[in-house]
Amino acid sequence: MVKVVVCGAAGGIGQPLSLLLKQSEHITHLALYDVVNAPGVAADLSHINTRSTVTGYGKEAIDEALVGAHTVVIPAGVPRKPGMTRDDLFKINAGIIRDLSEGIARNCPTAFVLVISNPVNSTVPIVAEVLKKHGAFDPRRVFGISTLDVVRSSRFVYELDNSINPKNTRVTVIGGHSGITIVPVLSQIPGQKFTKDQLDLLTHRIQYGGDEVVKAKDGAGSATLSMAFAGARFTQAILGATVAGKTGLVESTYVNLHADEEGTAAFRAKTQLEYFAQDVEFGREGVSKIRPLPELSAYEQTLLEAAVPELKVNITKGTSFITDAPKI
Ligand code: LMR
1 MVKVVVCGAA GGIGQPLSLL LKQSEHITHL ALYDVVNAPG VAADLSHINT RSTVTGYGKE
61 AIDEALVGAH TVVIPAGVPR KPGMTRDDLF KINAGIIRDL SEGIARNCPT AFVLVISNPV
121 NSTVPIVAEV LKKHGAFDPR RVFGISTLDV VRSSRFVYEL DNSINPKNTR VTVIGGHSGI
181 TIVPVLSQIP GQKFTKDQLD LLTHRIQYGG DEVVKAKDGA GSATLSMAFA GARFTQAILG
241 ATVAGKTGLV ESTYVNLHAD EEGTAAFRAK TQLEYFAQDV EFGREGVSKI RPLPELSAYE
301 QTLLEAAVPE LKVNITKGTS FITDAPKI
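If you count the sequence shown from 1, position 77 lands on 77 in my numbering, and the numbers rise without skipping.
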């Protein structure tokens, strides 16, 4: 039995994400949770002729939705409007993520938790702190999905060089998932050399790709379809490693660096960061190895230096939302 729960399944990301996950051969039970409309989405998807069973759960049925989950994917929460940063979503989304994490601690404390809800740089630490409170935190099992930055990177590079296949062009993206914390390592793409102008253009588009969509949607939200694509790709990689035992699966993802104590010791000592997006190798237990930082060009080194202080603020904000919360 492999039960995967989507929290926020009736929303803009949740619906296409659930549709893509319905096609996964690794999933036997797809459980859709949302405050409204999840049973309807579940009924609709349940007619698709793949093996998994689909069930839907409303607001009061959070425990039933989560119990026994192997993996929980969380796109729940509100999206940005033009003029907002991802951090502006903290006020609303932090509480939503905290409550879902409490549900995970009660019902499926060993589940793999994959967080899409923004601001990811802060919501991942919230999940971790709630699980820690319940003695259930395993840093190898909690992930911030920053895959859309990777997907955008390969697409935008392709727009400059049509001779590559964007599907097979992997770009490592390190740091976090917002603005200047997104650091694409373009210098390491085999066979590619960019001028300074191209680097500026690519880097800006990758760092602010989310804003491009927010602006185009003009008040109707942020990326949903490309985010669902990225979320499904990441979920499939986790399931491939943890369910099917596939080796060699690697994605850039935002994780707690204690998932690989030895491999990240020097980086943690140097930056004082506890969370960071980097290429991660997956195994049966989730993170099997956090790869060392790739070689960075001087350009990328400057980007990284700008990202670190901002990341620290984002991480502290998420962590202290739980650790400094008044005890009732
Ligand atoms: C994105 O990268 O498109 C998402 O994180 C949504 C957003 O607010 O930008």
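C-beta: ideal position from N, C-alpha, C; glycine also.
In this structure Tyr-275 is not in contact with Val-157, their Cβ atoms being roughly 26 Å apart against a cut-off of 8 Å. Closest in alpha carbon position to Phe-282, among Arg-51, Ala-42, Gln-301 and Val-142, is Val-142. Going by C-alpha positions, Ile-116 is about 19 Å away from Cys-108.
Around the beta carbon of His-70, a 10 Å sphere encloses 16 or more other beta carbons of the protein chains shown; the residue is thus reported as buried. Put simply, of Lys-3, Cys-7 and Asn-49 the residue whose alpha carbon is nearest the alpha carbon of Thr-28 is Lys-3.
Phe-321 and Gly-40 have their C-alpha atoms roughly 34 Å apart. The three-state secondary structure of Asp-138, taken from DSSP, is coil.
Within the DSSP secondary-structure output, Phe-112 pairs in a beta bridge with Thr-71.
Cα atoms of Ala-136 and Gly-318: separation of roughly 18 Å, rounded to the nearest angstrom. An exposed status is given to Ser-163, since fewer than 16 other beta-carbon atoms sit within 10 Å of its beta-carbon.
When C-alpha distances from Thr-302 are compared across Val-73, Ser-178, Ser-122 and Pro-184, the shortest belongs to Pro-184. Per DSSP, Tyr-57 lies in no alpha helix (DSSP H); the unbroken beta strand (DSSP E) holding it starts and ends at 53 to 57. Classified as buried, Met-227 has 16 or more neighbouring CB atoms from the shown chains inside 10 Å of its CB.
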